[in-house]
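Okay, so here's the structure we're looking at.
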Amino acid sequence: MLILLSPAKTLDMSPAEAGGTLPRMLADTHQLVDHLQQQSVSELGELMSISEKLAELNYERYQSFETDKPAGKAALLAFKGDVYQDLEADDFTEREFAFAERQIRILSGLYGLLRPSDLMQPYRLEMGTRLANDRGNSLYAFWDHRITDLLNEDLAEDGTGLVLNLASKEYFRSIQEDRLNGRILNIHFKENRQGSYRIIPFNAKKARGRMARLITLEGIRTAEPLRELVVNDYVFREDLSEENDWVYVRD
4 MLILLSPAKT
14 LDMSPAEAGG
24 TLPRMLADTH
34 QLVDHLQQQS
44 VSELGELMSI
54 SEKLAELNYE
64 RYQSFETDKP
74 AGKAALLAFK
84 GDVYQDLEAD
94 DFTEREFAFA
104 ERQIRILSGL
114 YGLLRPSDLM
124 QPYRLEMGTR
134 LANDRGNSLY
144 AFWDHRITDL
154 LNEDLAEDGT
164 GLVLNLASKE
174 YFRSIQEDRL
184 NGRILNIHFK
194 ENRQGSYRII
204 PFNAKKARGR
214 MARLITLEGI
224 RTAEPLRELV
234 VNDYVFREDL
244 SEENDWVYVR
254 D
């Protein structure tokens with residue numbers, strides 16, 4: 004089972020243990036960096052719909068981006084948004100991190116598809132960004148079938164034929180489902196608000212991270228054991244679920 008996560012805008016690039024792997028789509032990453040290095044501060048701000056302060060930060064990030072040598076921090080330790088706060092990868096044992104390395108994949112606007120130990124440099128580039136490039140007018144056009152093809156390679160190595168989708172819609176859209184050689188199992192976390200079950204985005208993000216953590220700690224590699232998981236008080240509801248869309252609720 005491969006677990007898909009979205010990245011996070013919040014990063015922790017403080018030093019960690021040395022070592023890591025090279026992202027596998029660096030040639031594509033460097034093409035994007037070349038485009039972004041040509042943008043001014045104001046152009047980056049408009050492109051990413053961010054403040055001048057954030058635009059200046061990301062301008063500096065891209066101008067100093069290393070393209071000629073390995074650099075950065077392991078992706079699973081660098082991301083610190085809501086999902087990753089509940090995933091708590093910092094306290095994984097060596098064995099648990101090795102399991103995560105095999106099972107977790109992080110979708111990225113800049114890097115395409117990251118493994119947990121892939122070294123990443125600080126960046127901001129959301130998958131929905133409409134960045135004109137040599138392949139089209141969006142990152143979806145840029146990545147096209149490439150992320151899906153690499154995911155298919157990982158699926159072949161994994162052998163289960165199962166993708167657990169814990170990513171956001173924005174990021175999962177980068178996967179071409181009709182090209183994917185496996186079953187996609189979508190997970191939805193809902194809670195009772197005034198008599199109806201609704202997705203509360205902040206809570207759902209944290210639950211995605213917690214589910215990925217529980218899967219890692221318990222070494223789960225197939226779908227069936229997921230039915231028994233209690234994820235931040237969310238429990239599986241078969242009556243609200245469909246074959247490839249499982250719903251977890253809390254009251």
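Once you know that position 122 of the sequence shown is 125 in the working numbering, the rest is easy, because the numbers rise by one and skip nothing. Quick reminder that beta carbons are idealized off the backbone N, C-alpha and C, glycines included.
- A distance below 6 Å between beta-carbons, with the five flanking residues on each side excluded, links N195 to the following residues of its chain, in chain order: D254.
- With a minimum length of 4 residues, the unbroken runs of alpha helix (DSSP H) contained wholly in the stretch 66–122 fall at 78–81, 85–90 and 97–106.
- According to DSSP, residue pairing for T24 in a beta bridge involves D121.
- Under the three-pair Cβ rule at 8 Å, the stretch 134–146 does not count as touching the stretch 156–174.
- Around D248, the same chain offers N189 as residues with beta carbons nearer than 6 Å, after the five sequence neighbours per side are excluded.
- Annotation for E241: no alpha helix (DSSP H) segment contains it, and DSSP assigns it neither H nor E.
- The Cβ neighbour count for I6, taken over all protein chains shown within 10 Å, is at least 16; the residue is labelled buried.
- Residue L8 holds the alpha-carbon nearest to the alpha-carbon of E104 among L8, I202 and D147.
- Rounded to whole angstroms, the separation of the alpha carbons of K56 and L116 is 28 Å.
- For the 8 Å CB-CB criterion, D31 and R182 do not form a contact.
- Taking every protein chain shown into account, the CB of P10 has 16 or more other CB atoms within 10 angstroms, so this residue is buried.
- In the DSSP annotation of this structure, the continuous segment of the alpha helix (DSSP H) that includes H38 starts and ends at L29 to Q40.
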